[in-house]
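Trainee:
In our numbering, the protein residues as written are 703 to 838.
1. Hey, residue 794 and residue 773 are a contact pair by Cβ (cut 8 Å); roughly how many whole angstroms apart?
2. Ignore the nearest five residues each way along the sequence and tell me which others in residue 804's own chain have a CB closer than 8 Å to its CB.
3. Check residue 801 in the structure and name its three-state DSSP category.
4. Exposed or buried, what is residue 721 when buried is set at 16 or more other beta-carbons lying within 10 Å of its beta-carbon?
5. Looking only at its chain, what residues have a beta carbon closer than 6 Å to the beta carbon of residue 737, apart from the 5 residues adjacent to it on each side?
6. Using three-state DSSP, classify residue 703 as helix, strand or coil.
7. Between which residues of its own chain and residue 769 is the CB-CB distance below 6 Å, once the five residues before and five after are set aside?
8. Could you have a look at residue 720 and say whether DSSP puts it in helix, strand or coil?
9. I'd like to know whether the C-beta atoms of residue 733 and residue 713 end up nearer to each other than 8 Å.
10. Return the CA-CA distance between residue 780 and residue 742, expressed in angstroms with no decimal places.
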């Protein structure tokens with residue numbers, strides 16, 4: 703395996719396919735997957751099949767654009783929230799860049815407006831070659 707890259711308790715990430723650069727994220731080795739905040743999440747059907755519509759972040763967030771993103775390719779996955787309850791969340795496969803290293807991973811959408819960080823980095827990214835050092 704390649705050399706592992708060390709990340710701290712937080713990291714700045716880029717989600718280029720979503721147009722997001724330098725987003726502060728919380729590293730959480732207890733979380734199974736990555737998640738990004740969305741103020742609007744809707745799954746609907748049209749003549750081509752199921753669609754996922756999201757608006758990232760809250761209107762008072764510096765990263766908020768109000769743009770509604772539409773995805774044809776998504777999955778629904780049951781995840782446990784921070785309270786231990788199972789929730790069904792939509793996830794997409796997208797590119798993420800951390801410390802100049804790019805990976806394609808699944809990222810879920812959830813309302814993180816009451817949390818400090820708008821993005822959570824979970825094990826599905828960390829296990830691709832990252833070591834967590836919380837002193838950094």
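Even for Gly, the Cβ is constructed at its ideal location relative to N, Cα and C.
Mentor: Result, derived from the coordinates:
1. That pair is a contact at about 5 Å.
2. Only 797 and 798 meet the Cβ criterion.
3. Looking at residue 801 - three-state DSSP - the assignment turns out to be coil, as it is neither helix nor strand.
4. Counting Cβ neighbours within 10 Å, residue 721 comes out exposed, since fewer than 16 surround it.
5. So the qualifying residues of the chain are 810, 812 and 822.
6. Interpretation of residue 703 is limited by its pLDDT of 47, a score under 50 that renders its predicted location unreliable; the figure taken from the coordinates is listed afterwards. Residue 703 falls in the coil class under three-state DSSP.
7. Contacts found: none.
8. If DSSP states are grouped into helix, strand and coil, residue 720 belongs with the helices.
9. One thing to note: residue 733 has its Cβ no nearer than 8 Å to the Cβ of residue 713.
10. Computed Cα separation, rounded: 19 Å.
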